[in-house]
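> Starting off with a structure, shown below.
Protein chains: 2
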Amino acid sequence: MESGNSQFFVGIDIGGTKIQVVIADRHGAIHGEARKKHKGAVDFEWVVGRSVAAVDAALDKAKLGRKEISALGIGAPSPILPDGTAVHAPNLGWQNVPLVATFAQELGWPTYAANDCDAGTFGEHRFGAGQAAQTVVGLFMGTGIGGGLVRNGEILAGDNYQGAEFGHTKVQVGGQRCGCGARGCLEAYASKLGIASFVAHQVNCEGRETMLTELCDGDYRSLRSSALAKAYRATDAVAVAAIDQAADYLGIGVANAITLLAPSVIVLGGGVIEALGSLLLNRVVSAAEQASWPPGSFADTSIRLAKLGDHAVALGAAAWAIQRGQF
Amino acid sequence: MESGNSQFFVGIDIGGTKIQVVIADRHGAIHGEARKKHKGAVDFEWVVGRSVAAVDAALDKAKLGRKEISALGIGAPSPILPDGTAVHAPNLGWQNVPLVATFAQELGWPTYAANDCDAGTFGEHRFGAGQAAQTVVGLFMGTGIGGGLVRNGEILAGDNYQGAEFGHTKVQVGGQRCGCGARGCLEAYASKLGIASFVAHQVNCEGRETMLTELCDGDYRSLRSSALAKAYRATDAVAVAAIDQAADYLGIGVANAITLLAPSVIVLGGGVIEALGSLLLNRVVSAAEQASWPPGSFADTSIRLAKLGDHAVALGAAAWAIQRGQF
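In order, the protein sequence lines correspond to chains A and B. Sequence positions in the first sequence follow this note's numbering and run -5 to 321. Sequence positions in the second sequence follow this note's numbering and run -5 to 321.
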């Protein structure tokens, strides 16, 4: 049933430090939005309450009432089972919460949910850099490395709905320790945490100096993407080396995705890419080209910067609701 | 249309050194087979002729005539396009040969083709170790490392049909040189070629001795799986170290497959596994468990030895013909 712009959908992005809500139409235009910050490790009921408040604020901005909404989509940092359970969200401290059932009861709309990186990839597929592609891989370079895989309009997260964890594939066996406890994960090199540990090593073990030290008060794990961008643009040698290494490893992640999945489009997003993407894209592409196989296959994949910025998850969640509910 | 055992199908496995034909029914029972050796880098017309001769020999053994065959499936060491073109088969020296069209004209049967590792994975999914699983990954440890991915009864090889190249994903950036020219590929460690280069290094650079030297006349790249098995069972120290390293890396490949694709079943096959699989399985599983993510996800994947042995590709090709032609 095509009904143009007359239907509206709500997308909620439940992140590790914020809740973001958009009111979107089926073309991905945003008619209202709201954002609430939080401090992580917050209990589920509290998040539901804050989310509902944010939804009402976004509806106000869109000059719409709850009755004018056709469906709700939620992106959350957890694997999502088909029954709508969020299995485990380490950043929020959740285990097996009834995500979809609770929101459906609270707001009364048909409700669907997806993992946040899957939703972000789906959003880019539907409204952003991955439109009309059969297979889209999303790689999100932020504090960690998130990934998503969409094929033929379907989110593929494996038979237990816990796959597409690109950040924890091993690219350097026995290498750098990752936050997950293992060694050699892509995330240990290509994320903000990887950049932080490179910088800390340069300063603390090699005695080098960098403007990043002042920009983060010596707490490299708290480095913001904007600080990285500032130091990179200023050609601070340590920052450039750290970020270039991360870009090279992101290229390895891109290459492995091409070698295994041969997607038509790989979308690069996340905070570091939003701050630095246009400066890093050539380097990532070049590393990916060297490392992908078979040689002719590389040219069949377009590697693009994300277009939806930090709306990707909320818009993708709304798009997922439209798709799943056949609105 | 279900017609029990009354229909017969031909599967051809065109390998780098042999052509193998099976006559199978829809349950995967083999009613006749034939095998022809060749020396690699053989031209396409020659392979077609030898294959047709092998088909007739297998039909003779099955006491069947050409008219009693419903369809033909072919597995070949090349990406296969939807129109049946084999894009490039480096082991055979082929570029863009009309594989399906030529065989269809030659034998007159409905004809379908798949990449050999995809066909092998599909065969294990249909008749072997991966039955009834939604997603099956096949990893074949032979001279190189081949891979295949089957989901919902469909072969997934990416948008350009050239993906599922598990052997050339990078697991050790900057590491050992692979036959493909790049460094750090899974294949550079976990294949017979990886074992050969480990052994050569131990002997030539570390001055160690091993019974493998005599078993291959000092040409480690020609080591046969049976020789590896003999030395491993004899607890030859160099052979054990080389093969254990390969098993550990194969476990990394398994872990990355779980982390990305979360399949219900991963089937391990290929010559080295046929010769040594039951001795190596625990080691591969243990390496995979340590390296896969998220932690709970590992238990959802069953890691199994292949069941179809060296019939996997030919049987898988026949099964693919049954599936694609809806017989």
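Yeah, the Cβ is synthetic: ideal placement off N, Cα and C, and Gly gets one too. Remember, it's a predicted structure, so these values are computed and weren't measured experimentally.
With DSSP as the reference, identify every bridge partner of R298 of chain A, one or two as the case may be.
On the first sequence, position 304 is the one that residue 298 of chain A refers to. DSSP lists A:V261 as partners of R298 of chain A.
> Flag S258 of chain A as yes if its beta-carbon sits less than 8 Å from any beta-carbon of chain B, otherwise no.
The sequence position of residue 258 of chain A within the first sequence is 264, counting from 1. True, the Cβ-Cβ gap to chain B drops below 8 Å.
> Between A65 of chain B and A80 of chain B, how many whole angstroms is the CB-CB distance? I'm expecting something under 8 Å.
As a working mapping, residue 65 of chain B is identified with position 71 in the second sequence. As a working mapping, residue 80 of chain B is identified with position 86 in the second sequence. 18 Å between Cβ atoms; not a contact.
> Roughly how many angstroms separate the alpha carbons of H25 of chain B and A18 of chain B, rounded to a whole number?
As a position in the second sequence, residue 25 of chain B is number 31, starting the count at 1. As a position in the second sequence, residue 18 of chain B is number 24, starting the count at 1. Looking at the two C-alpha atoms, the distance is approximately 6 Å.
> What does a CB cutoff of less than 8 Å around L255 of chain B pick up in its chain, not counting 5 residues either side in sequence?
Mapped onto the second sequence, residue 255 of chain B falls at position 261. The answer, listed in chain order, is T129, V131, L143.
> Taking Cβ-Cβ distances shorter than 9 Å, what residues in chain B pair up with V49 of chain A?
Locating residue 49 of chain A in the first sequence gives position 55, counting from the first residue. None at all; the shortest Cβ gap to chain B is about 30 Å.
> Who does L133 of chain A pair with in a DSSP beta bridge?
Translated into the one-based positions of the first sequence, residue 133 of chain A becomes position 139. According to DSSP, L133 of chain A bridges with A:G141, A:L262.
> Output needed in chain order: residues of the segment 134 to 155 of chain A with a Cβ under 9 Å from some Cβ in chain B.
Of all residues in the segment 134 to 155 of chain A, G141, L143, R145, L150, A151, G152, D153, N154, Y155 have a Cβ within less than 9 Å of some Cβ in chain B.
> Just curious, the beta strand (DSSP E) that Q14 of chain A is in, first and last residue?
Looking up residue 14 of chain A in the first sequence gives position 20. 12 to 18 is the extent of the beta strand (DSSP E) around Q14 of chain A.
> DSSP three-state call for N330 of chain B: helix, strand or coil?
The structure shown does not extend to residue 330 of chain B, since chain B is modelled only from -5 through 321, so no value can be given for it.
> Along chain A, which residues have their Cβ under 7 Å away from the Cβ of T166 of chain B?
Position 172 of the second sequence, counting from 1, holds the residue named residue 166 of chain B. Going by the sequence as given, residue 166 of chain B is Gln instead of Thr. Chain A residues near Q166 of chain B: Q166, V167.
> Identify every run of the alpha helix (DSSP H) within the segment 150 to 182 of chain A, keeping only runs that are complete inside it and at least 4 residues long; order them along the chain.
With a minimum length of 4 residues, no continuous alpha helix (DSSP H) run stays inside the segment 150 to 182 of chain A.
> Quick one: measure Cβ to Cβ for S185 of chain B and G136 of chain B, integer angstroms, because I've assumed they're closer than 8 Å.
Within the second sequence, residue 185 of chain B is the residue found at index 191, counting from 1. Within the second sequence, residue 136 of chain B is the residue found at index 142, counting from 1. Contact holds; Cβ gap of about 7 Å.
> Is it true that the CB of G122 of chain A sits closer than 8 Å to the CB of V261 of chain A?
Counting from one through the first sequence, the residue named residue 261 of chain A turns up at place 267. Counting from one through the first sequence, the residue named residue 122 of chain A turns up at place 128. Result yes, Cβ atoms of V261 of chain A and G122 of chain A sit closer than 8 Å.
> Using CA coordinates, which residue listed in A:W287, A:V4, A:Q89, A:V278 is at the minimum distance from L58 of chain A?
Counting from 1 along the first sequence, the entry for residue 58 of chain A is found at position 64. Ranking A:W287, A:V4, A:Q89, A:V278 by Cα distance to L58 of chain A puts A:V4 first.
> Measuring only between beta-carbons, confirm whether G157 of chain A sits less than 8 Å from chain B.
Within the first sequence, numbered from 1, the residue matching residue 157 of chain A stands at position 163. Taking Cβ atoms only, chain B reaches closer than 8 Å to G157 of chain A, which makes this a yes.
> For S64 of chain A, does the three-state DSSP call read helix, strand or coil?
Taking the first residue of the first sequence as 1, we reach residue 64 of chain A at position 70. Here S64 of chain A sits in strand by DSSP.
> Across which residues does DSSP place R30 of chain A in a beta bridge pair?
Against the first sequence, residue 30 of chain A aligns to sequence position 36. The question names Arg, but residue 30 of chain A in the sequence shown is Lys. Note: K30 of chain A sits in a beta bridge opposite A:I13.
> What residues in its chain sit with their C-beta under 8 Å from that of R178 of chain A, if we drop five residues either side in the sequence?
What you label residue 178 of chain A is simply residue 184 of the first sequence in a count that begins at 1. Going by the sequence as given, residue 178 of chain A is Gly instead of Arg. Cβ within range, chain order: K164, V165, Q166, V167, G168, G169, Q170, C172.
> Hey, out of B:G117, B:E159, B:P73, B:G102, whose CA is closest to G247 of chain B's CA?
Taking the second sequence and counting its residues from 1, one reaches residue 247 of chain B at position 253. Comparing Cα positions, the closest option is B:E159.
> Looking at the structure shown, is E203 of chain A part of a helix, part of a strand, or coil, going by DSSP?
One-based indexing of the first sequence puts residue 203 of chain A at position 209. E203 of chain A: coil per DSSP, three-state reduction.
> Is the Cβ-Cβ distance between L275 of chain A and L299 of chain A less than 8 Å?
Locating residue 275 of chain A in the first sequence gives position 281, counting from the first residue. Locating residue 299 of chain A in the first sequence gives position 305, counting from the first residue. A contact, by the Cβ cut-off of 8 Å.
> With three or more C-beta pairs closer than 8 Å as the rule, is the segment 24 to 43 of chain B touching the segment 94 to 105 of chain B?
The segment 94 to 105 of chain B, when compared against the segment 24 to 43 of chain B, does touch it at the 8 Å Cβ threshold.
> Please work out which residues of its chain come closer than 6 Å, Cβ to Cβ, to A241 of chain A, disregarding the five sequence neighbours upstream and downstream, and give them in chain order.
Along the first sequence, read from residue 1 onward, the residue named residue 241 of chain A stands at position 247. Same-chain partners within the cutoff: L274, R277, V278.
> Mapping DSSP to helix, strand and coil, what is M(-5) of chain B?
Taking the first residue of the second sequence as 1, we reach residue -5 of chain B at position 1. Confidence at M(-5) of chain B is low in this model, with a pLDDT of 41, below 50, so the placement of that residue should be treated as unreliable; the coordinate-derived value is given next. The answer is coil: DSSP assigns M(-5) of chain B none of H, G, I, E or B.
> Enumerate in chain order the residues of its own chain whose CB-to-CB distance from Y106 of chain B is below 6 Å, with the five nearest sequence positions on each side excluded.
Counting from 1 along the second sequence, the entry for residue 106 of chain B is found at position 112. Only G67, W314, A315, R318 meet the Cβ criterion.
> Have a look at B:L244, B:G265, B:G140 and flag the residue whose alpha-carbon is nearest the alpha-carbon of L222 of chain B.
Start at 1 with the first residue of the second sequence, and residue 222 of chain B comes out as number 228. The shortest Cα separation from L222 of chain B among B:L244, B:G265, B:G140 belongs to B:G265.
> Closer than 8 Å, CB to CB, is I246 of chain A near chain B or not?
Counting from 1 along the first sequence, the entry for residue 246 of chain A is found at position 252. I246 of chain A counts as touching chain B.
> Report the CB separation of D294 of chain A from N154 of chain B in whole angstroms; it is logged as a contact under 8 Å.
The sequence position of residue 294 of chain A within the first sequence is 300, counting from 1. The sequence position of residue 154 of chain B within the second sequence is 160, counting from 1. Yes, D294 of chain A and N154 of chain B are in contact; Cβ-Cβ is about 4 Å, under 8 Å.
> Does any residue of chain A have a CB that is nearer than 8 Å to the CB of N109 of chain B?
In the second sequence, residue 109 of chain B corresponds to position 115, counting from 1. By this cut-off, N109 of chain B is not an interface position.
> Can you tell me which of the three DSSP states A313 of chain B falls into?
Counting from 1 along the second sequence, the entry for residue 313 of chain B is found at position 319. The answer is helix: DSSP assigns A313 of chain B an H, G or I state.
> For G(-2) of chain B and Q320 of chain B, what's the separation of their Cα atoms in angstroms?
On the second sequence, position 4 is the one that residue -2 of chain B refers to. On the second sequence, position 326 is the one that residue 320 of chain B refers to. Residue confidence for G(-2) of chain B is low, a pLDDT of 48 falling below 50, so the modelled location carries little weight and cannot support an answer.
> Which of the three DSSP states, helix, strand or coil, is assigned to A89 of chain A?
Numbered from 1 along the first sequence, position 95 holds the residue referred to as residue 89 of chain A. Inspection of the sequence shows that residue 89 of chain A is occupied by Gln rather than by Ala. Q89 of chain A: strand per DSSP, three-state reduction.
> What's the C-alpha gap between R2 of chain A and L217 of chain A?
On the first sequence, residue 2 of chain A is found 8 positions in, with the first residue counted as 1. On the first sequence, residue 217 of chain A is found 223 positions in, with the first residue counted as 1. The question names Arg, but residue 2 of chain A in the sequence shown is Phe. Their Cα atoms are separated by approximately 38 Å.
> Considering T79 of chain B, what are the terminal residues of the alpha helix (DSSP H) in which it resides?
Locating residue 79 of chain B in the second sequence gives position 85, counting from the first residue. First-last for T79 of chain B: 79 to 83, but that is the beta strand (DSSP E), not the alpha helix (DSSP H).
> Looking at chain A, is there any beta carbon in it that lies within less than 8 Å of the beta carbon of A249 of chain B?
For the purposes of this step, residue 249 of chain B is taken as the residue at position 255 of the second sequence. Closer than 8 Å: yes.
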